[in-house]
Amino acid sequence: MDSNSTSRALIREIVAHVRCAVCGHHFAASDVRVVGRTEQVWAMHINCRECRTQALLFAVIKEGGAEPIYTDLAPDEWERVKDRPPISTDDVIAVHQYMQSYDGDFSEIMDEPLPEE
Ligand SMILES: [Zn+2]
């Protein structure tokens, strides 16, 4: 199967099995757009015409079909993080060290704006 027919088949499957997580409305093929893919996971932007919710759905390719998984990412958040490298052991150690040296409370952390990139 070429990439386009794979994509169409996958979208058909998603449309048949997935409903809007907010209002339960069925999707049409035109509500689903593939925004990224690896060999086993396709990322899809889903747009509900009923309640206007936009969601990011991962379709995990398995033998015999695809398993849809709703993410809690908004489609624009996905655009920001998709090309980042996976979290490494060094990242975990860095956060751990930061937390050990931090002597404030969490309400301070939550109030701080996100660092500029
Ligand atoms: Zn909806």
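Number 116 marks the last residue of the sequence shown (numbering that gives the first Met the number 0); no jumps. Even for Gly, the Cβ is constructed at its ideal location relative to N, Cα and C. Since the structure is predicted, the reported quantities are computational estimates derived from the model, not experimental observations.
Sub-8 Å separation of residue i and residue j beta-carbons
i: Y69; j: A20; result: yes
i: H25; j: V34; result: no
i: D30; j: R48; result: yes
i: R11; j: A28; result: yes
i: A65; j: L55; result: no
i: V59; j: V40; result: yes
i: P74; j: Q99; result: no
Residue range of the unbroken alpha helix (DSSP H) whose run includes residue i
i: E12; result: 2-16
Member of the options whose CA lies at the smallest distance from the CA of residue i
i: G63; options: N3, S2, A8; result: A8
i: H16; options: P112, D82, R32, P67; result: P67
i: S2; options: I13, V14, T37; result: T37
i: K81; options: F57, C22, D104; result: F57
i: E115; options: T5, D71, R79; result: R79
i: G23; options: S6, D104, N46; result: N46
Where the beta strand (DSSP E) through residue i begins and ends
i: Q53; result: 53-61
i: I44; result: The question names Ile, yet the displayed sequence has His at residue 44. Taken as a continuous stretch (DSSP letters only), the beta strand (DSSP E) holding H44 covers 40-46.
i: P67; result: 64-69
i: G23; result: Run containing G23: none; DSSP gives neither H nor E here.
Cut-off 7 Å between Cβ atoms - residues of its own chain near residue i, not counting five sequence neighbours on either side
i: V91; result: none
Own chain residues within Cβ distance below 8 Å of residue i, not counting five before or after
i: T88; result: none
Residue i: CB within 7 Å of a non-hydrogen atom of ligand 3
i: H24; result: The ligand content of the structure shown is limited to ligand 1, which means ligand 3 is not among them.
Task: Whole alpha helix (DSSP H) elements within the region 71-116, 4-residue minimum - done: 74-80, 88-100, 105-110
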